[in-house]
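First comes the structure, then the notes that go with it.
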Amino acid sequence: MTAEKAETTASDAIAGTTEGPAAPGPRALARRRRRASVARFWREFRRHRAGVFGLAALVLFVLVALTAPLTVGSDVESVTDAPGRPLESPSGQFPLGTDQFGRSLLGLLVWGSRVSLLVGLLAAALSVTIGALIGITAGHFRGWYATVMMRITDWFLVMPTLVLAIVLATVLSRSLGTIVLAIGVTTWPTTARLVRAQTLAVESRPYIERAKALGGGHWHIMSRHVLPNVMPLVLAQTTLIISSAILAEATLAFLGLGDPTVVSWGGLLQDAREAGSVSSGDWWYLMPPGVGIAAVALAFTLCGRAVEAVLNPRLGVSR
Amino acid sequence: MSAHDQHGSGRTGPRPRRARLLAAAGAAAFLLASGAVTPSAPAARAADGDQGQKKVLTVAVAQSVDSLSPFLAVRLLSTSIHRLTYEYLTNYDPKDNHVIPGLATEWKSSPDKLTWTYTIRSDSTWSDGEQATAEDAAWTFNKMMTDDGAATANGSFVTNFEKVTAPSPTQLVIRLKKPQATMTALDVPIVPKHVWEKVGDFSKFNNDKTFPVVGNGPFVLTDYEPDSYVRLAANKDYWRGAPKFDELVFRYYKDQDAAVAALRKGEVSFVAGSPSLTPAQAASLKEDENIHVNDAPGRRFYALATNPGARAKDGTEIGDGHPSLLDQRVRHALFMAVDRKAIVDKVFQGHAVEGEGYIPPRFSQYFFEPSAEQELAYDPAEATRLLDEAGYRKNADGKRVDKDGEPLNYRVLCHATDPNDKAVGKYLQEWWGELGISMTLDCRDNVTDPWLAGEYDLAFDGWSVNPDPDFVLSIHTCAALPATPKDTGATDNFICDEKYDELYARQLGEYDAGKRTEIVKQMQSRLYDLGYMNVMAYPNAVEAYRKDHIESITTMPSSAGNIYGQDGYWSWWSAVPADSGDSSGDSSSTAVVIWVAAGGAVLVGLAVLFALRRRASADERE
């Protein structure tokens, strides 16, 4: 379906050139075509109200995270110069109260969003990269290679993801890289399966046969014909995986497997639990990071669903 | 995580998939936010069926039992249970920790200091009716001396014994190889010979199959479920007097928050302060009028240990401790940059005492304070000077470098399960950062492996100290080092210092209490100067109990002492039940209610959002 779309786009553009007055060069053509498809994508996307809402929320979160060094600065992490008393309830000076060291929780929440988003994005990128690589090669080469790769994928698929990630995070040293790795290498199998299915569908089309007949090698076919056609799927998958990666990061940090010296949302929850704020009812320590995690995960999910619906006509008919 | 697992299966029903995904994302986030608010161990509840008639004291503990065999048990909970169920030769007075009679009523040593004669009391009977005699004690010690399996837990007490005999049922004679000052502090449970001589392999027998377990302490062990509870019944015939409660239950709560919630609801009467309640928990429990928070000087010291270049007895080096730490000036500089007052005020929030010498001030006779010129007080300027003097100067980036130009970066081993380690770690990172030294906080669930392998530069360290300090002093002698790198020694931190060893030997042979105390203080002074063990604080034992369940309970020492984990059975033996035992603290649970309501609101919000989306797309669904 996405492939068909791409083909129509191409034929539209070609039709445009034949009718156009002065024939522009192939580069300009490609550029115009891409611009047109982006515009069409945006038109479609705008129709999904939830998607737009999710995107707006995301832009807000990313802006907050990117401007954190200007708004709160790394001083907010300092325990020795903490401005407040331990576990102050919300007040004018500290809108979300303070943590066990007397640091402003609003500042920590803003500062922690950087790590949560960063780990979420990196882990999702790693996961989707592995998934796309294995999916495309397995779909392209078939035979024993595909069998072996798919059995490995199946094996990872049936492994409880969280347990595997915990084991990895425990065995390796505690750092952000470890968490990214632990999430990345445990969440790729679904992407691999989806991409492989799409690759099989794409490769059965006649133009691939034409390309082969004209001497196109494995690399040419995979990079020039299959990859562009599975890209929309990969993009949609990425946005969806980001939300689960952020949840996974929070889970691992909450379980105490993150780097204890780095402030993240999951880490804040872990600190709150260790400080005993669950039983002492210090809700301001627990609630904001939890709501933050839920909101970001929701925003990514809404966004990803909308992207998926736009790119995959079978999912969401225009509305 | 769970959200992701959902989209593995097929691509058929897109709409319901979104539903699950949203719900899963919301639920997962909510679970994260609410943490472990649910009490996790209601299983043992059913076992408390007939609570109405019997007066039951339920204690929430955060530790599970390692073994119920007195020959194997080392954990605080297990050894506390053995205190309650078996008699030891001697006991400690709850007022001031001095030695008082236990199974032995009196004791004396021969003029050559090598023969000790104990008189065994004749009014102690085993719970199966047999008389407890000197023969039982002699058998217990002999078993530990001859069977390695039986020496697992308390073997160190008998290594210096030459011969133990029982010439009569009321007389026990111990012949020593060398004089030993700890002969009135033999913390070894005496077991009934007629029961235990049938045991085959002592290294495997856990004493948890047949109940009740035959004992002669103030309580009798009647039931045990691993990782769940231990039940003890009062021994009505106990020679010192029967306990006031009929039953004592230690219930295992993995999560301290769950234990606190159970205390609020009245499911348990006592929450053990091991680990201590957090300052936030203590503060919120203090507001409950039915709950008493006991904030007592602790038995522990909380220290920063420095790898002294770990080596085995045969001289082979172990591990890879940072060579710069072999310089005493560097060690002193690191510790001088530590503001112990800030640690007590900020991390422990006052529930600790500032660190001085090695033994906590609670054991006042052995407590050592460094003199003014000796003290490594908080002084970053002096620390900078010492580091410059030692040759570790700052480079262009402001980092201190060693002779090869490598920046100093220390690995600090911390217990992932101890929040205090992580909190203090954050402070250390900033204090040492100002000196130009970076550090990596290496938090692990299992610190034992890197520790024994000597693969650390610094480490958070702590020990509980007994009324007799011999043990905590012995772990820093050269004799405690592992024989070869492959062995495991009793050593704490691979310290081996000739002067310290010489003092250790002297105190062990010194029977005069005053002179021995003096030597023990000299040892601590030496340890302090070496700078391998830097005591930052003595954390308090913060524990809480319900005043409507327990009317009174003995602390040890009686003025400002702890309750759980005493050196004796005083607390549980002396606890007096309160008349009304069924009112529960509703006032304090409102906070939890608000909490749950807030969490629920988020879920409802998500549900509404989802419902709206669903309605909007109702006409498109298949």
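Chains A and B, in that order, give the protein sequences. Numbering (my numbering) for the first sequence: 1 to 319. Numbering (my numbering) for the second sequence: 1 to 622. Ideal Cβ positions, reconstructed from N, Cα and C, are used throughout, including at glycine. Quantities reported herein were computed from a predicted structural model and do not represent experimental measurements.
Show which residues of chain B have a CB atom less than 9 Å away from the CB atom of residue i.
| i | result |
| --- | --- |
| A/Phe403 | The structure shown does not extend to residue 403 of chain A, since chain A spans only 1 to 319, so no value can be given for it. |
Below 8 Å on the Cβ atoms is my guess for residue i versus residue j; work out the distance and round it to an integer in Å.
| i | j | result |
| --- | --- | --- |
| B/Glu356 | B/Lys341 | No, B/Glu356 and B/Lys341 are not in contact; Cβ-Cβ is about 12 Å, not under 8 Å. |
| B/Val195 | B/Val220 | That belief does not hold up - the Cβ atoms of B/Val195 and B/Val220 are roughly 13 Å apart, past 8 Å. |
| A/Thr301 | A/Leu235 | Contact flag wrong, Cβ pair sits at about 14 Å. |
| B/Ser109 | B/Trp116 | 5 Å |
Run down chain A in chain order and give the residues with a C-beta less than 9 Å from the C-beta of residue i.
| i | result |
| --- | --- |
| B/Ala283 | Leu87, Ser280 |
| B/Trp573 | None at all; the shortest Cβ gap to chain A is about 29 Å. |
| B/Val627 | Only positions 1 to 622 of chain B appear in this structure, which leaves residue 627 of chain B out of reach. |
| B/Ala598 | Trp283, Met287 |
Return no unless some Cβ of chain B is closer than 8 Å to the Cβ of residue i.
| i | result |
| --- | --- |
| A/Ser78 | yes |
| A/Ala3 | Because A/Ala3 sits at a pLDDT of 43, beneath the cut-off of 50, its placement in the model cannot be relied upon, and the following sentence gives the value as read from the coordinates. Not closer than 8 Å to any Cβ of chain B, the Cβ of A/Ala3 fails to qualify, so no. |
| A/Gly256 | yes |
| A/Leu105 | no |
Anything in chain A within Cβ reach of residue i, meaning under 7 Å, just list it in chain order.
| i | result |
| --- | --- |
| B/Arg613 | Ala50 |
| B/Leu441 | Pro260, Thr261 |
| B/Glu430 | Ser78, Val79, Thr80 |
| B/Gln256 | Gly276 |
Can we count residue i as close to the ligand MG, meaning its CB is less than 7 Å from some heavy atom?
| i | result |
| --- | --- |
| A/Ser74 | With respect to the ligand MG, the structure shown offers nothing to examine, as it has no ligands at all. |
Does the beta carbon of residue i sit closer than 8 Å to a beta carbon anywhere in chain A?
| i | result |
| --- | --- |
| B/Ala479 | no |
| B/Ala28 | Any reading at B/Ala28 needs caution, since the residue's pLDDT is 45, under 50, leaving its predicted position unreliable; the model's value is listed next. Chain A contact via Cβ: present. |
| B/Leu277 | yes |
| B/Ala261 | yes |
| B/Pro419 | yes |
| B/Asp314 | no |
| B/Ala36 | Low confidence applies here, because B/Ala36 scores a pLDDT of 39, under 50, leaving its location unreliable and the question unanswered by this model. |
| B/Trp451 | no |
| B/Ile594 | yes |
| B/Ala544 | no |
| B/Ala416 | yes |
| B/Ala280 | yes |
Please compile the residues from chain B whose C-beta is within a distance smaller than 7 Å of the C-beta of residue i.
| i | result |
| --- | --- |
| A/Gly25 | Simply none; closest approach about 40 Å. |
Check: Which runs of the beta strand (DSSP E) fall wholly inside the region 444 to 503 of chain B and span at least 3 residues, in chain order?
Finding: 458 to 464
Checklist line | Residues from the region 268 to 295 of chain A in contact with chain B, defined by Cβ distance under 7 Å | finding: Leu269, Arg273, Glu274, Ala275, Gly276, Ser277, Val278, Ser279, Ser280, Gly281, Asp282, Trp283, Leu286, Met287, Gly290, Val291, Ile293, Ala294
Checklist line | Inside the region 413 to 443 of chain B only - alpha helix (DSSP H) runs reaching at least 4 residues | finding: 419 to 435
Notebook entry, point to check: Along the chain, which unbroken stretches of the alpha helix (DSSP H) at least 4 residues long are found entirely within the region 183 to 218 of chain A?
Noted result: 189 to 203, 206 to 213
Check: Unbroken alpha helix (DSSP H) runs of length 4 or more, entirely within the region 70 to 98 of chain B: which are they?
Finding: 76 to 85
Item checked: Under 8 Å (Cβ pairs) to chain B, residues found in the region 158 to 191 of chain A -> Thr161, Leu162, Ala165, Thr170, Ser173, Arg174, Thr187, Pro189, Thr190
Checklist line | Runs of alpha helix (DSSP H) wholly within the region 53 to 101 of chain A (minimum 4 residues, chain order) | finding: 68 to 71
Notebook entry, point to check: What are the start and end residues of each continuous beta strand (DSSP E) run of 3 or more residues lying completely inside the region 320 to 357 of chain B, in chain order?
Noted result: 352 to 354
Checklist line | Complete alpha helix (DSSP H) runs within the region 195 to 223 of chain B (minimum length 4 residues, chain order) | finding: none
Next item on the list: Run through the region 222 to 279 of chain B for me and flag every whole beta strand (DSSP E) of 3 or more residues, listed as ranges in chain order.
Entry: 229 to 234, 247 to 252
Notebook entry, point to check: Going along the chain, which unbroken runs of the alpha helix (DSSP H) with 4 or more residues stay wholly within the region 106 to 159 of chain B?
Noted result: 134 to 146
Item checked: Within the region 103 to 168 of chain A, ranges of the alpha helix (DSSP H) (whole runs, at least 4 residues) -> 105 to 141, 143 to 158
Next item on the list: Could you tell me which uninterrupted alpha helix (DSSP H) segments, each at least 4 residues in length, are contained entirely in the region 362 to 397 of chain B, listed from first to last along the chain?
Entry: 380 to 389
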